[in-house]
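Taken in sequence, the protein lines are chains A and B. Those letters in the first sequence? Residues 1 to 224, per the numbering used here, in order. Those letters in the second sequence? Residues 225 to 448, per the numbering used here, in order. What follows is a short report on a single structure.
Protein chains: 2
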Amino acid sequence: MAATLKTHDSETEEPTARQEAVLEAVLSLMVEEGDQLTMAAVARRASCSKETLYKWFGDRDGLLTATVQWQAARVRAGAYDRQSLDIATLRDSLKGFAANWLSVISSPTSIALNRLAIGHAASRKSNLGGIVLANGRFAIGERLRPVLEAGREAGLLHFDDAETAFRTFFGLVGRDVQIRLLLGDALVLSRAEIMRDAARATDQFLALHGAATSSKDDLAGPKA
Amino acid sequence: MAATLKTHDSETEEPTARQEAVLEAVLSLMVEEGDQLTMAAVARRASCSKETLYKWFGDRDGLLTATVQWQAARVRAGAYDRQSLDIATLRDSLKGFAANWLSVISSPTSIALNRLAIGHAASRKSNLGGIVLANGRFAIGERLRPVLEAGREAGLLHFDDAETAFRTFFGLVGRDVQIRLLLGDALVLSRAEIMRDAARATDQFLALHGAATSSKDDLAGPKA
DNA sequence: ACTTGACCGTACCGTACGTTACGGTTCGGC
DNA sequence: GCCGAACCGTAACGTACGGTACGGTCAAGT
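Set out below in structure tokens:
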């Protein structure tokens with residue numbers, strides 16, 4: 001028997017294939033219909049009964065939580081290992097992170113998911129926003145931190161606080177993209193544009209924190 | 225008689241004082257309860273009848289639209305006139321814009337309003353997201369553009385495209401603040417932090433686009 | 001063949017909420 | 001003092017949807 005996915009709060013058993021099909025249905029429904037994310041619609045789309053939904057996921061919130069967690073688990077891209085860390089490798093790593101992040105936040109799935117989580121954050125219940133944050137913004141922060149630290153140790157980067165440096169990078173990459181997309185702006189990012197923006201953001205970040213411009217260190221954290 | 229506010233789509237008559245009180249009630253309810261933004265609750269909070277709400281605003285969407293437009297109209301801060309444009313004045317202008325923007329996006333009102341608009345953008349109806357975008361992100365872009373252009377004409381700034389330069393500034397200022405707040409992260413920005421972040425973002429922007437660092441021009445738009 | 005259990009499809013229930021209707025009150029104009 | 005318009009408070013209606021119950025089907029085990 002596939003135990004209820006939501007026995008506790010953080011207990012995350014792997015969903016079965018059939019259950020994954022249900023989550024896929026939730027996701028597709030979220031992306032296509034946006035609004036009509038009703039239990040009946042999910043059951044119809046997934047060709048399963050509502051009773052099964054409730055048995056597997058407890059309630060509507062459990063289903064949404066499971067969907068968010070499942071999708072979040074799929075997003076993780078491969079970690080960038082620090083090989084011979086020269087400036088070219090570092091730049092490529094940063095560009096890779098930037099391009100990956102832009103791809104994620106501009107994908108219809110991410111947009112729908114973030115809209116859902118934001119709507120949920122308005123009401124207090126069930127921490128969808130926290131899950132999305134932990135697996136999006138904070139996950140990429142944790143994955144990028146070692147790269148930045150390694151860059152600093154190799155003398156390629158200068159900054160005081162890795163977190164602050166990351167947030168600068170985050171801002172340079174994302175700019176107004178996510179908020180515009182969430183608010184329904186018809187902004188399309190082609191693959192080429194993503195690569196171009198990733199390169200631009202990386203160059204800007206290196207201009208601020210790269211070792212080449214040694215006189216810019218203080219920009220990492222002005223003395224309050 | 226106070227005509228219905230939503231006779232057409234873009235026809236925006238000024239609300240009367242009493243109507244403003246209603247909109248204020250909507251806003252406060254949105255901020256406090258987040259979720260429970262029901263017509264009955266609005267009527268109760270505003271001490272008016274539901275019938276009056278429907279007479280004035282047509283339907284729920286009309287009420288929300290009127291609220292968003294009314295709030296948007298209040299946000300406009302004074303435009304910064306270009307006096308003697310030296311580098312100190314320019315820096316102060318940029319810092320002022322940054323601090324103002326950070327104050328806006330971190331205010332409970334803005335958070336609630338953006339959540340509402342984002343939730344609405346999921347369903348296709350009634351362009352709340354467009355209104356918020358037009359009066360937020362794009363309005364500040366339009367107001368900042370002349371400052372940037374003047375800075376360039378005065379030889380204080382270097383960039384190819386004002387829009388691109390603005391988006392860089394936007395990213396440096398906002399970073400991850402808005403998305404984190406929208407997703408319910410307990411991030412508090414004190415007045416001092418806002419000022420510090422505004423200064424940091426301004427310094428970073430000037431490091432990228434300021435005339436002092438003449439070798440960084442190409443960062444405004446790398447050649448694909 | 002019979003039982004068991006997982007599951008589908010559908011009908012059903014209760015509630016929340018948008019919307020409408022209506023009686024009562026206040027107030028400006030005559 | 002009377003009338004009508006604007007408005008308040010509340011009740012009522014219809015619907016959408018979360019959640020539950022139940023009968024029917026299929027497959028596996030005995």
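Note that beta-carbon positions come from the ideal geometry of N, C-alpha and C, so glycine has one too.
- Task: Could you check which residue in B:F429, B:V292, B:S330 has the C-alpha nearest to that of T388 (chain B)?
- Result: B:F429
- Query: Taking just the CA atoms, how far does T291 (chain B) sit from A117 (chain A)?
  - Reply: 23 Å
- Query: Taking the alpha carbon of A137 (chain A) as the point to measure from, which residue in A:S123, A:N100, A:R124 has its own alpha carbon closest?
  - Reply: The displayed chain sequence assigns Arg, not Ala, to residue 137 (chain A). Cα-wise, what sits closest to R137 (chain A) is A:N100.
- Item | Buried or exposed by the 16-neighbour rule on C-beta atoms within 10 Å, applied to G119 (chain A) | buried
- Task: Measure the beta-carbon distance from I131 (chain A) to T38 (chain A) and round it to whole angstroms, keeping in mind my assumption that it falls under 8 Å.
- Result: Rounded, the Cβ-Cβ distance is 21 Å, inconsistent with contact.
- Task: Anything in chain A within Cβ reach of Q402 (chain B), meaning under 7 Å, just list it in chain order.
- Result: I179
- Task: Check whether the segment 396-410 of chain B touches the segment 172-189 of chain A, taking contact to mean three or more Cβ pairs, one atom from each stretch, closer than 8 Å.
- Result: yes
- Item | Near-chain A residues of the segment 349-367 of chain B - C-beta to any C-beta below 8 Å | N351, G353, G354, V356, L357, R361
- Message: If distances are taken between C-alpha atoms only, which option among A:G34, A:A211, A:D197 comes closest to L113 (chain A)?
- Response: A:G34
- Ordered list of alpha helix (DSSP H) runs contained in the segment 365-412 of chain B, each at least 4 residues: 386-398, 401-406
- Item | Rounded Cβ spacing between D61 (chain A) and S126 (chain A) (contact assumed at less than 8 Å) | 4 Å
- Residue-chain proximity (Q204 (chain A), chain B), Cβ-Cβ < 8 Å: yes
- Item | Residue from B:S317, B:F321, B:L314, B:E248 whose Cα sits closest to the Cα of L287 (chain B) | B:E248
- Query: List, in order along the chain, the chain A residues whose C-beta lies closer than 7 Å to that of F394 (chain B)?
  - Reply: R175, D176
- Message: If I follow the unbroken alpha helix (DSSP H) through G119 (chain A), where does it start and stop?
- Response: 108-122
- Item | Test: L183 (chain A) CB closer than 8 Å to a CB of chain B | yes
- Stretch-stretch touch, CB-based, cutoff 8 Å, three pairs: the segment 269-276 of chain B with the segment 359-377 of chain B: no
- Task: Look up G58 (chain A) in the DSSP assignment and give the residues it is bridged to.
- Result: For G58 (chain A), which the question treats as bridged, DSSP gives no partner whatsoever.
- Among the residues of its own chain, which have a CB less than 8 Å from the CB of A121 (chain A), if the five just before and after it don't count? L128, G129
- For A30 (chain A), collect the residues of the same chain with a Cβ closer than 6 Å to its Cβ; drop the 5 residues on either side in sequence, then sort them by chain order. According to the sequence as given, residue 30 (chain A) is Met; it is not Ala. If we look at M30 (chain A) and ignore the five residues flanking it on each side, its Cβ neighbours are L37, A112.
- Could you spell out the range, first to last residue, of the alpha helix (DSSP H) harbouring T313 (chain B)? 311-329
- Going along the segment 23-37 of chain A in order, which residues come within less than 7 Å of chain B, judged by CB to CB distance? G34, D35
- Listing by chain order, which chain B residues have their CB less than 9 Å from the CB of I118 (chain A)? N338, R339, I342, G343, I403, L406, L407, G408
- Kindly indicate if chain A contains any beta-carbon less than 8 Å away from that of R391 (chain B). yes
- Message: I'd like to know whether the C-beta atoms of L368 (chain B) and F390 (chain B) end up nearer to each other than 8 Å.
- Response: yes
- Message: Rounded to the nearest angstrom, what separates V397 (chain B) and E256 (chain B) at their Cα positions?
- Response: 27 Å
- Item | Where G210 (chain A) falls: helix, strand or coil (DSSP) | strand
- Item | C-alpha distance - P108 (chain A) paired with H209 (chain A), whole-angstrom precision | 33 Å
- Reducing DSSP to helix, strand and coil, say where R424 (chain B) ends up. helix
- Under a CB-based cut-off of 8 Å, is S347 (chain B) close to chain A? yes
- Query: Got a sec: is the Cβ-Cβ distance from A431 (chain B) to anything in chain A below 8 Å?
  - Reply: yes
- Message: Assuming V147 (chain A) and S93 (chain A) are in contact, meaning their beta carbons sit under 8 Å apart, how far apart are those beta carbons, in whole angstroms?
- Response: 5 Å
- Comparing the C-beta of L219 (chain A) with each C-beta of chain B, is any distance below 8 Å? Model confidence at L219 (chain A) stands at a pLDDT of 47, short of 50, so the residue's coordinates are unreliable and nothing is read from them.
- Buried versus exposed, by CB contacts within 10 Å (16 or more), D310 (chain B): exposed
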